[in-house]
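Quick note: the working numbering has the sequence shown finishing at residue 1304, numbered continuously throughout.
Note that CB positions come from ideal geometry on N, CA and C, so glycine has one too.
These notes concern the structure reproduced below.
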Amino acid sequence: MLQDKKTSVLFVCLGNICRSPTAHGVFEQMVIEQGLNQHIRIDSAGTGDWHLGKQPDSRTIKAGQQRGYDLRHLRARQVTAVDFDRFDYILAMDGQNLSNLQLLQPGHFTGTLSLFLPYGQGAFDEVPDPYSGGAEGFEQVLDMVEQAAQGLLQHLREDVLNDASSS
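This is how it looks when you write it as structure tokens:
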């Protein structure tokens, strides 16, 4: 990895209004707090196009605010084939979105396409979609995302950023 190139991470869920913007906001804040925002670029997108240009779900915003994350500046967008040229890590919230991304993935993609949650080394592989449930589902998503974001940040610090600094 080149020293002057930012490592880039794209979080992906279905509509880009609940899970992926939560991961985006949580990870972005962790990166800023660690002083790594000059080295890591973060975005989020959805595999579907239902909410293009909209803010995250109001329950997502509220749950985030209660833990100190401001997600109001984020806007939903749909993942495109160009994202495979722009991002080193494309991390899906669940298996269905991962499958959709694999169908879109061009043959020349050399980055990491995987589920996000295993970076947290918790008991689950998928972040459940809280959209149809109550506030507790959004809290559960935050719990899972915070743990996985910590693991992802540790991975990037050890495997990617150290490689860049030793080049």
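query                                                                                                                                                        : result
Going by beta carbon distance, what residues of the same chain come within less than 8 Å of L1235, once the five residues before and after it are set aside? : A1229, L1250, S1251 and L1252
Taking the DSSP output, what are the residues bridged to R1178?                                                                                              : S1145
Per DSSP, which residues does C1150 bridge with? Please list them.                                                                                           : G1183
Can you list, in chain order, the residues of its chain whose CB lies under 8 Å from that of A1200, leaving out five sequence neighbours each side?          : T1159, A1272, F1275, E1276, V1278 and L1279
Between the C-alpha atoms of S1181 and R1204, what's the straight-line distance to the nearest angstrom?                                                     : 20 Å
Give a yes or no on contact between the region 1163 to 1177 and the region 1236 to 1249, applying the rule of three or more CB pairs nearer than 8 Å.        : no
Confirm, please, whether the CB-CB distance from R1156 to S1264 is below 8 Å.                                                                                : It is Val, not Ser, that sits at residue 1264 in the sequence shown. Yes, Cβ-Cβ distance for V1264 and R1156 is below 8 Å.
With DSSP run on the structure shown, which of helix, strand or coil describes L1139?                                                                        : At L1139, the pLDDT of 36 sits below 50, so the modelled position is not reliable and the matter cannot be decided from this model.
Given that a residue counts as buried once 16 or more other Cβ atoms are within 10 Å of its Cβ, and exposed if not, what is A1213?                           : buried
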